[in-house]
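A.B. asks: If you read the sequence shown in our numbering, its first letter stands for residue 73, the second for the next number, and so on. Quick reminder that beta carbons are idealized off the backbone N, C-alpha and C, glycines included.
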Amino acid sequence: MQKIALKQRTLNSQINWPETIHPLLQRIYSGRNLASVDELDLSLSQLLPPDGLKNIELAVDLLEEVLRKQESILVVGDFDADGATSTALLIRVLRRMGFAKVDYMVPNRFAYGYGLTVGLVQEALQDKPDLIITVDNGISSLDGVALAKKHDVKVLVTDHHLPGEKLPQADVILNPNQPGDNFGSKSLAGVGVVFYLLVALRRRLRSHNWFVDHGLQEPNLAEYLDIVALGTVADVVPLDRNNRILVNEGLKRIRARCCVPGLAALLQVAERNPETLVASDLGYAIGPRLNAAGRLDDMSLGIECLLSDGSEAYEYARQLDSLNLERREIETGMKAEAMQYLETIDVETGAHYGVCLYDNNWHQGVIGILASRVKERLHRPVIIFAPGDDGEIKGSARSIPGIHIRDVLELISSQQPGLILKFGGHAMAAGLTVLENRLDEFSRYFNKYVQQVASEELLENTVYSDGQIPEEYFSLSVAEMLNQAGPWGQAFPEPLFSGRFRILNQRVLKSRHLKLEVTPEDAGQRLVVEGITFNLFDENNPPRELANEVGLVYKLSVNEFRGQRNLQMIIEHILETDDA
């Protein structure tokens, strides 16, 4: 069992809750950093206006000029779900607005790597675009932007990643995290930045009578919030109020079956019911299938799925589902190898503050997922490396709350020049390239600099609970209420409860999962609840019988099976002491 420190959330007692909000929700929301009850209003009217984005009018100026001249646009995306949704959203709406020459190119991670690289620009120049628009990338593409500008190609960078010391010399940069930007939400995903660009562009074109003069139906951008919701959740950006509005409105459209055919097809192959969809379904079922294309093959497959309006959408979705199964198999093998190595180190001794792992057989497209798995196991910043070209290796980093991984890489880069060839990212995730023959050197410095910013408290795996709940709250109606009370996600976590339970029955499923029937410690057997914990056992932790009484940290969920909906506890942690 993983060692955790269980703490109850600190509640904001200053909020005056109306009686219409369930007492349990009052408690939960009080632990979610809300300043007032007004923040629960997630209507589109509460969305921040685009005016606060630095350079938004300059970006619209550029696009309007390109539109009136009918110049060609090349959209350069990223090979993850945020990049795919950003690309599909931009292309769909620009074409509806009357842009006749819009195409896209997405970098193959194995040929070019991330962003608007020199190699990618060289290939793009063969098609002679007038304007390159980067989505979900570009803020660190100094050389690629410079090459495009050298050939008189205009460049509009739209991104959300943290910038380095230097900015690319693009015609316009749209990024809420660039210096001098006062936009009220710094947590927009790449697809969110694109959405705001399109909102501002539509406003401009409307004011100039573009749609009326050219006989075009003005696009209703709310129709595309299903795509925005998918990219926002899949990129695991913090769900501040503005992002919750975008995701909530997108989920409402999906539940009403008003989503693009590609997303509907992905829901079908993932066996998710659109009418009961929640944000976690986008993150755990749809996002991985979309990401599988960029991890193993070419993200063009995912983009085409989201661009499709006909029956071919299902075929794209089926291919993405197949790639995701292949990705899982590769990940399983890599994880087993990584865990074998982890058995040889003891992070509890304090010698390992930041962990680097490398194997020359590991798949470059899966190292990000493996980094997340190892980080969850160790509760330490982790970088997983895989082979690149010409003696280089590619790394994917994942961090823990309180340790800004990009800042750590920036510190290493500034104090050990040349050790990192290139890097980029944000607080919780980053990518980098180093030379294979300098990996040991890099690993030592990574461990050293993580140690400098880490404290014992940060390295303690703390799980925050919303406390215990009374017997009457163990009901299907309460679970359904919690499902709909989100959207839940990064920085606005799904309700997590804790308590002591007696185990009435337990059985192992597929040698990995554990199914339980439990009753709260003080309930006698008046109440029996089913629970399941996934992937509890593996080769290093074989199945065994639990004690009769345990502490459980769990979510209340709804289990749908053969048309029946029942209450189910999703057990996140099992504590065989008196900690819960």
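1. Could you tell me if T304 is buried or exposed, where buried requires 16 or more neighbouring beta carbons within 10 angstroms of its beta carbon?
2. Ends of the alpha helix (DSSP H) at E448?
3. Near G334, what residues of its chain come up, given a Cβ to Cβ distance below 6 Å and the 5 sequence neighbours on each side ignored?
4. Within its chain, find whatever has a CB closer than 7 Å to the CB of V654; leave out the 5 residues flanking it on each side and keep chain order.
5. Can you give, in chain order, each stretch of the beta strand (DSSP E) that sits fully within the segment 534-568 and has at least 3 residues?
6. Rounded to whole angstroms, what's the CA-CA distance from S115 to I317? Just pull it up for me.
7. With G467 as the anchor, note down where its beta strand (DSSP E) starts and where it stops.
8. Report the start-end ranges of each beta strand (DSSP E) in the segment 75-122 that is 3 residues or longer and not cut off at the edges.
9. State buried or exposed for P567, treating a residue as buried only when at least 16 other CB atoms are found within 10 Å of its CB.
10. Between the segment 510-529 and the segment 477-493, are three or more C-beta pairs nearer than 8 Å?
11. Look at the alpha carbon of M73 and the alpha carbon of A160, and state the distance between them as a whole number of angstroms.
12. Mark E321 as exposed unless 16 or more other C-beta atoms lie within 10 angstroms of its C-beta, in which case mark it buried.
13. On a CA-only basis, which of E611, E195, L530 and D353 is nearest S629? Give me that one, please.
14. How close, in whole Å, do the beta carbons of L392 and L349 come, if the pair is a contact with beta carbons under 8 Å?
15. Using a Cβ-Cβ cut-off of 6 Å (strictly less than) and excluding sequence neighbours within five positions of L647, which residues of its own chain qualify?
16. Determine the direct distance from the alpha carbon of G185 to that of S102, and round the result to whole angstroms.
17. Three or more C-beta pairs closer than 8 Å, one from the segment 257-272 and one from the segment 127-144: is that the case here?
18. Can you tell me where the beta strand (DSSP E) holding I455 begins and where it ends?
19. Quick one: what's got a C-beta closer than 7 Å to S444's C-beta in the same chain, skipping five residues either side?
20. By the 10 Å Cβ neighbour count, where 16 or more other Cβ atoms means buried, how is A526 classified, buried or exposed?
21. What does the Cβ neighbour count give for V600, buried or exposed, with the cut at 16 atoms within 10 Å?
22. Who does P592 pair with in a DSSP beta bridge?
23. So the alpha helix (DSSP H) E64 belongs to, where does it begin and stop?
24. Taking all protein chains shown into account, do 16 or more other C-beta atoms lie within 10 angstroms of the C-beta of V284, making it buried, or fewer, making it exposed?
25. So, under 8 Å CB-CB, S468 and I477 are touching, yes? Tell me the CB distance rounded to an integer number of Å.
26. Contact defined as beta carbons within less than 8 Å: I believe R367 pairs with P346. What is the distance between those atoms, to the nearest angstrom?
27. Between the alpha carbons of V229 and L586, how many angstroms are there, rounded?
28. Grab me the residues of I643's own chain with a C-beta within less than 6 Å of its C-beta, minus the 5 sequence neighbours each way, in chain order.
29. Among the residues of its own chain, which have a CB less than 7 Å from the CB of Q241, if the five just before and after it don't count?
30. Whole angstroms are fine: how far does the CA of R99 sit from the CA of Q80?
31. Taking D175 as part of the beta strand (DSSP E), name the residues at either end of that continuous run.
32. According to DSSP, is M73 helix, strand or coil?
33. Between H94 and the rest of its own chain, which residues show a CB-CB distance below 7 Å, the 5 nearest in sequence each way excluded?
34. Judging by CA-CA distance, which residue of I475, S372, V332 and Q640 is the nearest neighbour of T591?
35. Between R584, A619, N209 and Q86, which lies nearest to R574 when the distance is taken from Cα to Cα?
36. Please say whether K258 and P248 have beta carbons closer to each other than 8 Å?
C.D. replies: Put simply:
1. buried
2. I439 to L450
3. C377, L378, S380 and A385
4. What the structure shows of the chain is the stretch from 73 to 652, and residue 654 is not part of that stretch, so it cannot be assessed.
5. 534-537
6. 6 Å
7. E464 to R470
8. 77-80
9. buried
10. yes
11. Bear in mind that a pLDDT of 48 at M73, under 50, signals an unreliable position, so the model cannot answer this.
12. buried
13. D353
14. No, L392 and L349 are not in contact; Cβ-Cβ is about 18 Å, not under 8 Å.
15. G623
16. 43 Å
17. yes
18. V454 to P459
19. R470
20. buried
21. exposed
22. F573
23. The structure shown does not extend to residue 64, since the chain is modelled only from 73 to 652, so the question has no answer here.
24. exposed
25. The Cβ separation is near 10 Å, so there is no contact.
26. Contact flag wrong, Cβ pair sits at about 25 Å.
27. 48 Å
28. G603, T605, L624 and Y626
29. V217, A218 and K221
30. 11 Å
31. V174 to M177
32. Unreliable positioning characterises M73 in this predicted model, as indicated by a pLDDT of 48, which lies under 50. A coordinate reading is not provided.
33. M553
34. Q640
35. A619
36. yes
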